[in-house]
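J.: Protein chains in written order, with my numbering: chain A, 5 to 215; chain B, 162 to 1170; chain C, 1128 to 1222. Pasting in a structure now, in structure tokens, and then I'll have a few things to ask.
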Amino acid sequence: MSEAMTSLWQPRGAWEGVARIGRSGADAGPAGVRLTLREGFGLATLIVAEGKEADLQTALADRFGPSLPEAGTAILKGETGLVWSAPGQWLAVAPSPRDLRDLPETLRGIASVTEQSDSRALVRISGPQARAMLAKGVAIDLHPRAFGPGRVAVTSIAHIGVQFWQRDAGPTYDLTVARSFAGSLWRWLEHAAAEFGYEVAASTKDLIAIG
Amino acid sequence: MTTLALQRAEAPASASFGDQPFRTATGGLIDRNRPRDFTFDGRRLTGCHGDTLASALLANGVRLVGRSFKYHRPRGILSAGSEEPNALVELRSGARREPNTRATMAELYEGLEATSQNRWPSLAVDVLSVNALLSPVFAAGFYYKTFMWPASLWEKLYEPMIRRAAGLGRAADAPDPDTYDHAHAHCDVLVIGGGPAGLSAALAAGRSGARVILVDEDFATGGRLLAERREIGGTSGAEWAARALAELESLPEVRILPRTTLFGVYDHGAYGAVERVSDHLAVPAAYAPRQRLWRIVARRAVLAAGAIERPHVFGGNDRPGVMLAGAVRTYLNRYGVLPGRRLAVFTSSDDGWRTAADILAAGGGLAAVIDTRTTVPPALRRMAEAAGARVVTGGYVAGTKGHLGLSAIQVVDGYNSTETIPCDGLAMANGWNPIVHLDSHLSRRPVWNEAIHAFVPGTLPSGMQAAGAAAGRFTLAECLETGARIGAEAATDCGFTASAAAAPQTDPETVDHTPLWRVPKPKGKAFVDFQNDVAASDVELAHREGFRAVELLKRYTTLGMATDQGKTSNLAGLSIMAELTGKDIPSVGTTVFRPPFTPVAIGAFAGHHRGKDFRATRHVPSHAWAEENGAVFVETGLWLRPAYFPRAGETDWLDTVVREVETVRARVGICDVSTLGKIDIQGRDALAFIERVCANPFATLAIGSARYAVLLREDGLIMDDGTIARMGETHYVMTASTANAARVMQHLEFCRQWLWPELDVQLASVSEQWAQYAVAGPRARDTLRRIIDPGFDLSNEAFPFLACTDVTVGGGIPARLFRISFSGELAYELAVPAAYGDAAWRAIMQAGLPYGITAYGSEALSVMRIEKGHAAGPEINGLTTARDIGLDGMLATNKDYIGRLMKERPALVDPNRPVLVGFRPVDPSARLRAGAHFLSLDAAPSLEADEGVMTSVAYSPILKSWIGIGLIRRGPERHGERVRAYDPVRGADTEVEICSPVFVDAKEEKPRV
Amino acid sequence: MRIRCPHCGERDNGEFSYLGDAAPVRPEGLDASAAAMHDYVYLRDNPAGTIRELWYHAAGCRSWLVVTRDTRTHAIESVEPARDVARARRSGEAA
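Below, the structure is given as structure tokens:
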């Protein structure tokens, strides 16, 4: 393969052509919402095989901690973790798809593993108005008494399916949306965040090619 | 009455404020240091910050504000709240013009523009008021009686005429420039209403640490505390409200939503509210929404919405200047406005006497007090008479006089003698109705309380309790007590430790009343429903004509059907019907109240979902390239798919599509097929699962092979079709059509979770993970050889038709390759991780350059599948069986699967059912149209003669003619026969010949080379 | 309406899609009769009162649920994962 051909194979970020880096919306005072575009992360769907929950827990203990997250929760350490998605189903999250590449083999006979790193766009939402902004779209109680760090929800915003989890008490949320919907979800984010003023930042981590 | 009395009534007329002749010199909760200029019908006026448009108009002596709906009668301001039926105006201008806005709810801002409605040429001179002379014609049921004949004139003449004559404001004719927001809120205790009961409830609940939301439709919180001269614990009611509000604002878990109307109560503790975020400003602040629709979920709710005062029903009770007594007190006490120089009071209640006292305290002239009751406490009588007012007991107001506003009332005393008393304002006090709308929203009916002569909440929705006036507890002391108690109970129910503080002392009050439902002998039209111009005589007419049931009365007279939903009129209408039928009011019953409590702008419901955000749009992975290259897109469900890619010199879509098809058939093309649903099926029982959901067999499918799959519904009709590829021992990938992808996933989950929970099978949608491109045409293999990483053997022997495998591209990027063909050519589908979708597309375009590659869109895709006779959406339309589209030969015979039994229903195996075949026009230049019905050559068009329908057509560049596929009776037996494709909608009647649906490469050789 | 998904918690009914009566049981296998299948596909009771019905948490965890609801009041008595209900039914049949 020629040099020219190889150089063509660059990944395109899910937010490319959709989100504009910088400050937008109401411009008085500090931005109420910060939107950090994440790229290059690894995602995989793990679905436990019939009756293999204990085996799955053991197989993943070294990497993600001693127990599988219960319904509606996530166990996260930095950018790595397990996020509950459905009964018997979790999303493995890692800094790069490479970090998850061994899972199908490791979990053979215990769980089905499906590579999903490219299936979703991910935006990290923080800032003093993050909760108020998210509450415009999701019909779930986000009050600290009801939804705190480590909580996960699969729901919809503006009729678009989303999955999000709270990372810290800030609050900071990671919000994922199916890649083909990224443009429409972004328009909702812009609408919802406009009155608070928002700052869009690129992920600190550069795109990492699956190599 | 004596002249002397009148002069004395005028004497204390207050010194006015500024250039607002009816503004009292002092008092009220308005800010006199912040004047607000505004216009009404172009006239420049000045009010104060804190005014409503209604109070500012009254401060300027403007009493005439609109014309009525049917009769164009002059109308003024009846109320001081959201129940207002009369004072509807157009607010703002241009794109922001909003019709039918209640002046009593419009907060005054600098530069406000208001225009009266339903008048021409002007408010004072309205030629359409001749409708009033025709009022016999416009009486109840006039639509049904008057414009019956001839029917042909209805749409052309009568309806437009009526719409012009009877109507309200004009909507803006330009797009709304404002934005509308949606938000969700959750709380333990929702308090509806910010009056004394609501504030007490919020305090009791809020102090416990419960999460409380208080919604209040007013911009100033306090409800009637702002409108009455009352004392609580030694301070004024308004001061008490301000302190309560300040405390609530200091509680971190309490949210106050002023300017917010709770408009709907829904099941399981869900509520709808609209917040008028920016309606008190000329233009919303930058980036701020105009309104915000709240969806609130509350564990408990305290209904403290208050009550609405009842008008009296007497002749000319709609004349500007006639007002509810509570509203008169609101204008006097809250806004510092005298609603007239000489005011009379018509009362059946102690409230009327309180009104008289407030009028005098504000420096107004009291012309008369007419109490329908015979006995009145002597002290009150002395108070009025000392002020020079005429006092009539056991009498009533029979009629009113005045041109465009009230100038006198005609009073009948206890001895039936009539006198005329000059006055320019009349306050009506006929008791109050608790606001039972919200607690009735879940199909619940209010119950009659004889003690207070009003409907009160019956069985409340689960989790809701009523407090204060909304519960029929009208005294201030009761409002404070019930509010605090119920607020505390609500918080306790939510697990908090709450108690009601001892209610503070209030000054004494009496609320006795004996309502008079209508006066015995009115002089002139006595209105029941002001907004819909329904008079007492219309209720009588409905009674005479037999429309006596309450729901019939409502629909025949339109009583209560206006935008105010009969807030001031329903009970009056019911009580008259009760009297006419000799029943009591509870036996007559009430109509059903439904959301919304007050009108809500459609923009608020739409929120973000307008224009291109009306619904979500999904983009394919090659979207950026398609846009850069001028693709024309088509909406397919939510997807925006490239339909075709025009090149310079191509003059219409057909040129382009023909070029794309010819290029694929002769060289190579690439098409984005990522919109197909892709489902990973894994697990020990994956094969067993597939065997049960698919109608064709898969037991023999080898690893590395793909097969066409057809799924039936349990009723035997086709659900969808696609392919299933076996990627490993227990790993399959199924595709579903673009339109059915979500539905198929739901169906598979149903089968997995509900039908066969014993199977070990795991389903994961990978539709978004993989960008998938069809690379089709004789040079497809040559093109892909330059894309797939070296070392992979693409030869026909190594990777034959219907093979599938994992490969890598671009130097190690994992990909999946399938040798499947929708076009009938040598074709592959290459799936790459979606982030590489853009790169892969560009790489394939470059790799195919030497072979003359073209991008092709959904149009060319469709042409080629029709040339191949492949069924798609128009054929798999929920009405067809596998047999109908020629697939019965592939169905399994030795396994159970969904739809197996029901596909054998007699009607589905009827040999006369239309079956899929091809059609060519006998005249090769004739155009075919999908949707045409087939008729035999000599049949007259009729349902009986209908033999089937043309489902899909295309211009075939290979055959140089239009071709079609469609369903016709016994089609496969009739090849060569001629029929007509009859299409009266588009005026076509084309002779066609039945043929095989496979027009190209009938031996299926091309995809196998 | 609000439905308490046993996995996700209480959600708006807009997240769910409705199928209908959970009582009919699919006649399985090659021995099933056309008449039994006809009843399974078409025959439904329409009670004014309590009914067990199938809902799908489409916008959430994609679980099929058995919701016990009073058709007169919309009061929801219980929400169970359909898979658990189906398994219990299976083991009941086996016993």
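For glycine and all other residues, C-beta sits at the position ideal for the given N, C-alpha and C.
Since B/Asp428 is in the alpha helix (DSSP H), which residue starts that stretch and which ends it?
T.: Run containing B/Asp428: none; DSSP gives neither H nor E here.
J.: So which residues on chain B does C/Trp1182 lean against when the C-beta distance must stay under 8 Å?
T.: The contacting residues do not exist; C/Trp1182 stays about 11 Å from chain B at best.
J.: Please list, in chain order, all residues of the same chain as B/Phe979 whose beta carbon is under 7 Å from its beta carbon, the five residues on each side excluded.
T.: Cβ neighbours of B/Phe979 beyond the five flanking positions: Ala867, Ala886, Cys965, Tyr989, Glu990.
J.: Please report the distance separating the alpha-carbon of B/Arg1141 from that of B/Leu1120.
T.: Approximately 20 Å between the Cα atoms of the pair.
J.: Among residues of its own chain, excluding the 5 on either side of B/Arg779, which ones have a beta-carbon nearer than 6 Å to its beta-carbon?
T.: These residues qualify, in order along the chain: Leu799, Trp800.
J.: Along the chain, which unbroken stretches of the beta strand (DSSP E) at least 3 residues long are found entirely within the region 815-871 of chain B?
T.: Runs found: 830-833, 838-843.
J.: Candidates B/Ala344, B/Thr824, B/Pro1158: which alpha carbon is nearest B/Pro1118's?
T.: Looking at the Cα atoms, B/Thr824 is the closest of the given residues.
J.: Taking the CB atoms as reference points, tell me whether A/Gly85 and A/Ala78 lie closer together than 8 Å.
T.: Going by C-beta atoms, A/Gly85 is nearer than 8 Å to A/Ala78.
J.: With DSSP as the reference, label B/Tyr1143 as helix, strand or coil.
T.: B/Tyr1143: strand per DSSP, three-state reduction.
J.: Just checking my contact of B/Ser601 with B/Val711 at CB under 8 Å: how many whole Å lie between their CB atoms?
T.: Contact doesn't hold; Cβ gap of about 14 Å is too wide.
J.: Identify the continuous alpha helix (DSSP H) that holds C/Tyr1169 and give its terminal residues.
T.: Here the alpha helix (DSSP H) through C/Tyr1169 covers 1161-1169.
J.: Checking the sheet assignment: what are the DSSP bridge partners for A/Lys81?
T.: According to DSSP, which records beta bridges pairwise, A/Lys81 is partnered with A/Thr84.
J.: Do B/Gly1132 and B/Leu1077 have their beta-carbon atoms positioned less than 8 Å apart in this structure?
T.: It is a contact, given that the beta carbons lie within the stated cut-off.
J.: For B/Cys1156, does the count of other Cβ atoms within 10 angstroms reach 16, so buried, or fall short, so exposed?
T.: Classification of B/Cys1156: buried, given that the 10 Å Cβ count is 16 or more.
J.: Here's a check: name, in chain order, each residue in its chain whose Cβ is nearer than 7 Å to the Cβ of B/Arg193, leaving out the five neighbours to either side.
T.: Answer for B/Arg193: Phe178, Cys209, listed in chain order.
J.: Could you give the DSSP three-state label for B/Val1070: helix, strand or coil?
T.: If DSSP states are grouped into helix, strand and coil, B/Val1070 belongs with coil.
J.: If you drop the 5 nearest sequence neighbours on each side, which residues of the same chain put their C-beta closer than 8 Å to that of B/Arg228?
T.: Only Arg234, Pro235, Arg236, Ser277, Gln278, Asn279, Arg280, Leu284, Asp287, Leu289, Ser290 meet the Cβ criterion.
J.: How many whole angstroms separate the CB atoms of B/Glu271 and B/Arg197, which I take to be in contact at a CB cut-off of 8 Å?
T.: Contact flag correct, Cβ pair sits at about 5 Å.
J.: Can you give me the start and stop residues for the beta strand (DSSP E) that B/Glu701 sits inside?
T.: Where B/Glu701 is concerned, there is no enclosing beta strand (DSSP E), although the alpha helix (DSSP H) it sits in stretches over 697-705.
J.: Taking 7 Å as the limit between beta carbons, can you name the residues of its chain near C/Phe1143, skipping five residues before and five after?
T.: Correct list, in chain order: Ile1130, Trp1182, Tyr1183, His1184, Ala1185.
J.: Applying a beta-carbon distance threshold of less than 8 Å, which residues of chain A neighbour C/His1134?
T.: Going along chain A in sequence order, the residues near C/His1134 (Cβ under 8 Å) are Ala75, Gly76, Ala90, Pro91.
J.: Considering only C-alpha positions, which residue in the set B/Thr1151, B/Val829, B/Ala381 is nearest to B/Gln1007?
T.: The candidate whose alpha carbon is nearest that of B/Gln1007 is B/Val829.
J.: Which chain A residues sit within Cβ distance under 7 Å of B/Asp342?
T.: The contacting residues are Lys140.
J.: Give me the Cα-Cα distance between A/Gly152 and A/Ala173, rounded to the nearest whole angstrom.
T.: Whole-angstrom Cα-Cα distance: 7 Å.
J.: For the beta strand (DSSP E) that A/Pro101 lies in, which residues bound it at each end?
T.: Note, A/Pro101: premise wrong, no beta strand (DSSP E); not H, not E.
J.: Measuring straight from C-alpha to C-alpha, what distance separates A/Pro148 and B/Gly398?
T.: In a straight line, the C-alpha of A/Pro148 is about 36 Å away from that of B/Gly398.
J.: How many angstroms separate the CA atom of B/Pro622 from the CA atom of B/Gln923?
T.: Looking at the two C-alpha atoms, the distance is approximately 42 Å.
J.: Check the Cβ of B/Ala785 against every Cβ in chain A and list those closer than 9 Å, keeping chain order.
T.: Ordered by position in chain A, the residues that pass the 9 Å Cβ test against B/Ala785 are Arg16, Glu20, Gly21.
J.: Can the beta-carbon of B/Pro419 be found less than 8 Å from the beta-carbon of B/Thr382?
T.: A contact, by the Cβ cut-off of 8 Å.
J.: Cβ of C/Ser1160 less than 8 Å from any chain D Cβ?
T.: Reference to chain D is not applicable here, since the protein chains of this structure are A, B and C.
J.: Which of the three DSSP states, helix, strand or coil, is assigned to A/Gln93?
T.: Strand, per DSSP.
J.: Going along the chain, which unbroken runs of the alpha helix (DSSP H) with 4 or more residues stay wholly within the region 944-1005 of chain B?
T.: List check, alpha helix (DSSP H) in window: nothing returned.
J.: Determine which residues of the region 1144-1177 of chain C have a Cβ less than 7 Å from any Cβ of chain B, and write them out in chain order.
T.: So the close ones are Arg1153, Glu1155, Gly1156, Leu1157, Ala1159, Ala1161, Met1164, Val1168.
J.: Are the region 1064-1076 of chain B and the region 877-885 of chain B in contact at 8 Å, needing three or more beta carbon pairs?
T.: Yes, the region 1064-1076 of chain B touches the region 877-885 of chain B.
J.: Answer yes if the region 358-378 of chain B comes into contact with the region 636-646 of chain B, meaning at least three C-beta pairs across the two stretches below 8 Å, and no otherwise.
T.: Judged by Cβ distances under 8 Å, the region 636-646 of chain B makes contact with the region 358-378 of chain B, as three or more pairs qualify.
J.: What are the start and end residues of the beta strand (DSSP E) that includes B/Met1111?
T.: That run of the beta strand (DSSP E) goes 1109-1117.
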